[in-house]
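Residue numbers (the working numbering): 17 to 194.
Just so you know, even glycine gets a beta-carbon here, dropped at the ideal spot from N, CA and C.
Keep in mind that this is a model prediction, so the values were computed, not measured.
Here the structure is laid out as structure tokens; the discussion comes afterwards.
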Ligand code: APR
């Protein structure tokens, strides 16, 4: 699947048309990638977020990117990990699907994800990677947009877990391993 790839970097420097922010339900900023995106986008991002009235876990809302290279930011509050028996996998899958649906709806061609819920919200990375990749690959199989989707991991260690997970589930043969 050449429409999807896993990269290491800082999503605030992404050249994708839209980047995904791992937000909270207030959409009023925070630490982690949320804090980094707001810091890079500037105060106008928060001003627009204030007009959105928050966002439910698993849903997604779009704003402009302001000082970011990305034209848009898609904000999605992921689930907080409580052990996995409070619907976390379904809510995390919904985050990815909601962002992809919103991107397609707006005709966005390139979309960069961060690893939703795997920082402050404590979602174990290998479990999150399985949910994320399945949601992304299922969507791309049925939809022409976005044309390119990347998972932007902040560390090489995180990227390796995503690559291993992708190879386990999606590398039809060794020539397609990431
Ligand atoms: N670029 C790419 N990925 C990043 C960056 C960055 N600049 N900064 C952090 N990350 C990664 C983290 O390493 C983690 O894998 O983003 C992933 C998500 O971590 P968090 O940002 O902590 O987000 P999350 O776990 O979803 O928790 C959301 O934290 O920042 C607050 O307001 C936010 O309350 C919300 C909660």
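Distance cut-off 6 Å: residue i Cβ against heavy atoms of the ligand APR
i	result
residue 170	yes
Sequence-distant residues of the same chain with beta carbon closer than 7 Å to residue i, five excluded per side
i	result
residue 105	147
residue 19	156, 163, 164 and 165
residue 181	142, 145, 146 and 149
residue 51	45
residue 28	52, 53, 56 and 84
residue 168	23, 25, 27, 30, 128, 129 and 130
Cα-Cα separation, residue i to residue j
i	j	result
residue 64	residue 79	7 Å
residue 81	residue 92	15 Å
residue 26	residue 35	11 Å
residue 138	residue 132	10 Å
residue 160	residue 96	31 Å
residue 37	residue 102	23 Å
residue 112	residue 89	14 Å
residue 123	residue 117	10 Å
residue 121	residue 187	29 Å
residue 48	residue 192	32 Å
residue 129	residue 69	23 Å
residue 107	residue 154	16 Å
residue 31	residue 99	35 Å
residue 126	residue 119	9 Å
residue 66	residue 59	11 Å
residue 185	residue 42	35 Å
residue 194	residue 23	10 Å
residue 172	residue 136	19 Å
Own chain residues within Cβ distance below 6 Å of residue i, not counting five before or after
i	result
residue 109	147 and 151
residue 21	166
residue 40	46 and 93
residue 75	114
residue 77	68, 71 and 91
Same chain, Cβ closer than 8 Å to residue i, neighbours up to 5 away in sequence not counted
i	result
residue 62	44, 45 and 54
residue 183	193 and 194
residue 86	30, 31, 32, 33, 34, 35 and 128
Beta-carbon distances below 6 Å to any heavy atom of the ligand APR define the shell here; list its residues in chain order, please. Ordered along the chain, residues surrounding the ligand APR are 26, 27, 28, 38, 39, 40, 46, 47, 48, 49, 50, 51, 52, 94, 130, 131, 132, 133, 134, 135, 136, 137, 168, 170 and 174 [Cβ under 6 Å from any heavy atom].
Answer yes if the segment 136-148 comes into contact with the segment 175-186, meaning at least three C-beta pairs across the two stretches below 8 Å, and no otherwise. Yes, the segment 175-186 is in contact with the segment 136-148.
Please determine if the segment 147-163 and the segment 54-62 are in contact, where contact requires at least 3 C-beta pairs separated by less than 8 Å. Short answer: they don't touch.
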